[in-house]
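So for the sequence shown, the UniProt record's numbering puts the first residue at 1; every next one is plus one.
We treat Cβ as the ideally placed atom computed from N, Cα and C, and that holds for glycine.
Just so you know, these numbers come straight off a predicted model, no measurement behind them.
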Amino acid sequence: MPHISVKMYPGRSLEVKEDLAKKIQKLTVEELGCSEGHVSVSFEDIKQEDWQKQVVEQIKSEDLIIEPNF
């Protein structure tokens, strides 16, 4: 607890993803008061043409906290 899943367009390096994962982990520990070892982060690259079907249509409206504006 907790697991954070990040979906985004392809093109970012493993180094960039690792850096972001560490920052997400650190913030999660600070905000939720949990142990660093209890936080996991994953990334999934989704092609732009698949974004609507694989991401937007899969999110329940009641689960969306911040809506995109694009």
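Quick check on the DSSP output: the alpha helix (DSSP H) that includes residue i runs from which residue to which?
i, result
"E67", "Note, E67: premise wrong, no alpha helix (DSSP H); not H, not E."
"E44", "Run containing E44: none in the alpha helix (DSSP H); it sits in the beta strand (DSSP E), 40-45."
"V29", "14-32"
"Q48", "Careful: Q48 lies outside any alpha helix (DSSP H) and carries neither H nor E."
Just verifying my parser: in three-state terms, what is the DSSP assignment at residue i?
i, result
"S61", "helix"
Under the assumption that residue i contacts residue j (Cβ atoms under 8 Å), give the Cβ distance between them as a whole number of angstroms.
i, j, result
"E44", "S13", "That belief does not hold up - the Cβ atoms of E44 and S13 are roughly 15 Å apart, past 8 Å."
"V41", "V29", "The Cβ separation is near 12 Å, so there is no contact."
"Y9", "Q58", "No, Y9 and Q58 are not in contact; Cβ-Cβ is about 16 Å, not under 8 Å."
Using a threshold of 8 Å, state whether the C-beta atoms of residue i and residue j are closer than that.
i, j, result
"E36", "Q25", "yes"
"K7", "I46", "yes"
"P2", "L27", "no"
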